[in-house]
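Colleague: Below: one structure in C-alpha cells.
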Amino acid sequence: VLYMAMELSNAKWKLGFSNGSRDRSVTIIAGDWKALSRQIGLAKEKLHLPEDCPVICCYEAGRDGFWIHRM
C-alpha cells in the first residue's frame, strides 16, 4: 500500500508518501493532475512498490471539500 497525505493551498500542493517504513515528499502546482499522477508513480518506484498497489490518500477537506477524491 502507498500512503499519501496532501496539504492543499491555492498555489501548490505538498504531497507526502510512505510505504510504512520509508517516506518521500514533493510539492506540485495546485490542480496539476498530470504531475499528481506522475508523482504517485515515482513514489511507488522510489519506495519499491508494485505499479498496481493501492493508494490510500488523506487530506483536510477544508475549503476544497471532497472534489479531489472524485477526480
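Under the UniProt record's numbering, think of the first position of the sequence shown as 1, with each following residue one higher. Where a beta carbon is used, it is the ideal one built from N, C-alpha and C, also for glycine.
1. Whose CA, out of Ala11, Leu8, Glu60, Ser18, lies closest to the CA of Ile40?
2. If you count every other CB in all the chains shown that lies within 10 Å of the CB of Leu36, and 16 or more means buried, which is it?
3. Mark residue 144 as exposed unless 16 or more other C-beta atoms lie within 10 angstroms of its C-beta, in which case mark it buried.
4. Would Leu2 and Ala30 qualify as a contact pair, given that the criterion is a beta-carbon distance under 8 Å?
5. Can you tell me the Cβ-Cβ gap for Gly16 and Ala5, rounded? I've got them flagged as a contact below 8 Å.
6. Name the two residues that bound the continuous beta strand (DSSP E) containing Glu7.
7. I'd like the span of the alpha helix (DSSP H) that includes Ser37, first residue to last.
Modeller: This is what the structure gives:
1. Ser18
2. buried
3. Past the boundaries of the shown model lies residue 144; the chain is included only from 1 to 71, so the question cannot be answered.
4. no
5. 4 Å
6. 2–8
7. 33–46
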